[in-house]
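Here is the structure we will look at.
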Amino acid sequence: MIYFKTSNPHKFDEAKEIFKRYGIELGQIPETYREIQADSLEEVVKDALKTIENIGRGVFIEDAGLFIKALNGFPGVYSSYIENTIGNDGILKLMEDVDDRSAVFMSVVGFKGFKGFRDFDAMIFKGEVKGEIAFESRGTEGFGYDPIFIPEGYKKTFAEDFELKTRISHRRRAIEKLARFINPFINPR
Ligand code: ITT
0 MIYFKTSNPH KFDEAKEIFK RYGIELGQIP ETYREIQADS LEEVVKDALK TIENIGRGVF
60 IEDAGLFIKA LNGFPGVYSS YIENTIGNDG ILKLMEDVDD RSAVFMSVVG FKGFKGFRDF
120 DAMIFKGEVK GEIAFESRGT EGFGYDPIFI PEGYKKTFAE DFELKTRISH RRRAIEKLAR
180 FINPFINPR
């Protein structure tokens, strides 16, 4: 069993599903972590890892964000704040007359292992998915920016096709790397 320290139940549910495929049980520590103001998700995660206390198990945190090209990467590291202030309607307004709708969802996972993981203190795993910002909000599944994000090669938003999201999302890609890495420690042959 390893633990995901996150205050976001949607993120936890997505991660739990991914680990299940590897036969790894996931527990939640439903707390936020120290989030410094920084230019990249990686810096935020690396700093926060320093505050993760030894609970005698593997623990990870994840910082994610939506980076919109035409807005020079905004909301990016401010994704949470922007979601809670101007929200998806605010983003769509900013993008009203913008032709280049490209965006990327990024996820950075920071893992700290205790007991059996000691040599792998503070590992970083990244995942991303490219796509476009929709012209209107669509769908009811998922959370956050899912209703306005259409992954590359598809027509539906993540909020309209949750099964697709679980297969190709930024979180899926980052967490799958972590799951592959820790699998031999959790399920030794
Ligand atoms: P923790 O930091 O406690 O894990 P959080 O909700 O603050 O929870 P993040 O900082 O990683 O999570 O994410 C910042 C925001 O980015 C989040 O509140 C959402 O608005 C958005 N976001 C992140 N991942 C997303 C996803 O898969 N789909 C849609 N929006 C997402």
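The numbering of the sequence shown is numbering that gives the first Met the number 0, which starts it at 0 and goes up by one. Even glycine gets a Cβ: it sits at the ideal position worked out from N, Cα and C.
| Query | Result |
| --- | --- |
| Given a threshold of 16 other Cβ atoms within 10 Å of its Cβ, counted over all protein chains shown, does Tyr32 qualify as buried or as exposed? | buried |
| Do the stretch 178 to 185 and the stretch 138 to 146 touch if we need at least three Cβ pairs shorter than 8 Å? | no |
| Report yes if the C-beta distance between Leu163 and Lys176 is below 8 Å; otherwise report no. | no |
| Go through the stretch 152 to 182 residue by residue and report every complete run of the alpha helix (DSSP H) that reaches 4 residues or more, in order. | 161 to 167 |
| Restricting to Cα atoms, I'd like to know which of Lys68, Lys45 and Val108 is closest to Ala178. | Val108 |
| Could you have a look at Pro150 and say whether DSSP puts it in helix, strand or coil? | strand |
| Given a cut-off of 8 Å on the beta-carbon distance, is the pair Ala14 and Ile174 in contact? | yes |
| How about Gln36 and Thr5: are their beta carbons less than 8 Å apart? | no |
| Could you please give the first and the last residue of the uninterrupted alpha helix (DSSP H) stretch that includes Tyr80? | Ser78 to Thr84 |
| Am I right that Leu25 and Ile1 are in contact with their C-beta atoms under 8 Å? What's the rounded C-beta distance? | 6 Å |
| Between which two residues does the beta strand (DSSP E) carrying Asp62 extend? | Gly57 to Ile67 |
| In the DSSP output, which residue or residues are listed as bridge partners for Met122? | Phe110 |
| On the DSSP bridge list, what partners appear for Leu25? | Ile1 |
| Taking 7 Å as the cut-off, is the CB of Asn7 close to at least one heavy atom of ligand 1? | yes |
| Would you verify that the beta carbon of Lys92 is, or is not, closer than 8 Å to some beta carbon of chain B? | Protein chain content of the structure displayed is limited to a single chain, and chain B is not contained in it. |
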